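One structure is given below, encoded as structure tokens.
See the structure below:
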């Protein structure tokens with residue numbers, strides 16, 4: 151069948167909290183979308199795939215059935231572009247080992263599937279359709295359940311020798327600091343992810359008596375949104391949390407600049423929606439810490455693509471690439 155007969159691909163943005171599926175046409179229009187909780191599924195990868203396929207078939211039927219789908223692209227934590235596997239993903243209970251997810255979805259749906267790191271997928275989407283359009287050197291930082299990154303050098307994604315390059319969320323920013331799901335201590339994502347900022351808030355609430363509207367929320371329910379809303383009302387503790395988080399992230403980006411002298415850092419994901427609350431301290435810390443030869447060169451930008459769209463479109467681009475290769 152040609153592209154007219156099979157006009158769509160599936161893009162999957164597999165996040166630590168939600169898995170968002172989009173059916174995408176060749177002009178990058180998301181025709182239909184469905185979301186499935188990533189956690190649960192009896193902590194079993196096959197059960198996850200089975201549960202996803204049940205929901206996915208509902209939107210596949212909306213576009214005329216599986217015969218209209220050419221391929222599937224997946225962006226996933228610890229996704230290996232070379233072998234189509236998720237490898238030892240710390241935030242996914244059903245993927246603590248090596249899971250051949252591309253093959254599992256391919257077998258379940260009867261279409262070819264390819265997989266890459268979720269942040270790489272977001273970077274591909276941003277480079278193709280968003281703030282990084284036309285850029286050859288940039289770093290995408292995804293601030294979700296964890297901290298991911300996609301690194302583009304000379305217009306190409308950096309995959310490394312084994313498909314696993316670019317895990318900047320697991321660069322240690324505090325030696326012997328907070329325990330990370332990856333087994334190390336002090337990783338960037340333990341401070342600057344959505345879970346990291348909530349962790350900072352809980353530490354302050356538990357260890358001090360400082361007045362804050364955050365105390366009006368049960369401590370286990372204090373999350374990035376609650377902190378953002380409090381900060382926008384001028385709550386001093388919430389503002390301090392953003393200053394602390396943004397400073398750590400800005401310093402880390404100053405270090406990251408040394409290996410590809412990027413045109414821009416592009417921030418994507420839930421925490422980036424706090425806007426200037428997080429971006430202002432990032433910019434300040436970056437400017438104060440970056441090597442002089444890089445100062446004033448890199449832009450600090452927010453993603454131009456809404457919500458999961460960048461990652462879904464980036465994942466779908468993998469699907470189109472695979473479809474063309476198999477044509």
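Numbering (our numbering), first residue to last: 151 to 477. We put the beta carbon where it would ideally sit given N, CA and C, even for glycine. Keep in mind it's a predicted model, so treat the numbers as computed, not measured.
Proximity to residue i [Cα-Cα], best of the options
i           : options            : result
residue 217 : 159, 297, 268, 245 : 159
residue 312 : 232, 279, 364, 354 : 232
residue 428 : 454, 453, 449, 400 : 400
residue 325 : 317, 335, 266, 373 : 335
residue 290 : 164, 455, 207      : 455
residue 281 : 359, 476, 449      : 449
residue 161 : 368, 384, 252      : 252
residue 200 : 259, 213, 211      : 259
residue 451 : 425, 438, 209, 357 : 425
residue 416 : 322, 214, 275      : 275
residue 246 : 333, 459, 211      : 333
residue 442 : 379, 463, 235, 411 : 411
residue 254 : 208, 408, 195, 375 : 195
6 Å Cβ shell around residue i - same chain, five flanking residues per side excluded
i           : result
residue 319 : 296, 297, 298, 338, 339
residue 221 : 159, 261, 262, 469, 472, 473
residue 307 : 270
residue 237 : 228, 230, 248
residue 223 : 161, 264, 465, 466, 468, 469
residue 285 : 413
Backbone CA spacing between residue i and residue j [nearest angstrom]
i           : j           : result
residue 301 : residue 155 : 35 Å
residue 405 : residue 440 : 7 Å
residue 328 : residue 177 : 44 Å
residue 226 : residue 268 : 4 Å
residue 174 : residue 287 : 27 Å
residue 373 : residue 476 : 44 Å
residue 192 : residue 242 : 12 Å
residue 359 : residue 240 : 33 Å
residue 418 : residue 331 : 21 Å
residue 151 : residue 219 : Bear in mind that a pLDDT of 45 at residue 151, under 50, signals an unreliable position, so the number given afterwards is only what the model happens to contain. The straight-line gap from Cα to Cα measures roughly 10 Å.
residue 181 : residue 170 : 13 Å
residue 381 : residue 349 : 16 Å
residue 189 : residue 164 : 11 Å
residue 462 : residue 352 : 32 Å
residue 368 : residue 244 : 29 Å
residue 187 : residue 256 : 20 Å
Beta-carbon contacts of residue i that lie in its chain and below 8 Å, excluding the five residues immediately before and after
i           : result
residue 343 : 293, 294, 295, 296, 297, 319, 421
Residue i, buried or exposed, once every other Cβ within 10 Å from all chains shown has been counted against 16
i           : result
residue 361 : exposed
residue 249 : buried
residue 357 : exposed
residue 317 : buried
residue 204 : exposed
Review point. Mind pulling the beta strand (DSSP E) runs of 3 or more residues that sit fully within the region 227 to 283?
Key: Whole beta strand (DSSP E) segments, 3+ residues: 235 to 237, 263 to 267.
Review point. Where in the region 366 to 429 do unbroken runs of the alpha helix (DSSP H), each at least 4 residues long, occur, reported from the N-terminal end onward?
Key: List check, alpha helix (DSSP H) in window: 374 to 382, 386 to 410.
Practice item. Let me know the alpha helix (DSSP H) ranges lying completely inside the region 324 to 369, each 4 residues or longer, listed in chain order. Key: For the region 324 to 369, whole alpha helix (DSSP H) runs of length 4 or above, ordered along the chain, are 339 to 342, 344 to 357.
Check your understanding: Whole beta strand (DSSP E) runs in the region 432 to 459 with 3 or more residues, listed along the chain?
Key -> The region 432 to 459 contains these whole beta strand (DSSP E) runs: 449 to 452.
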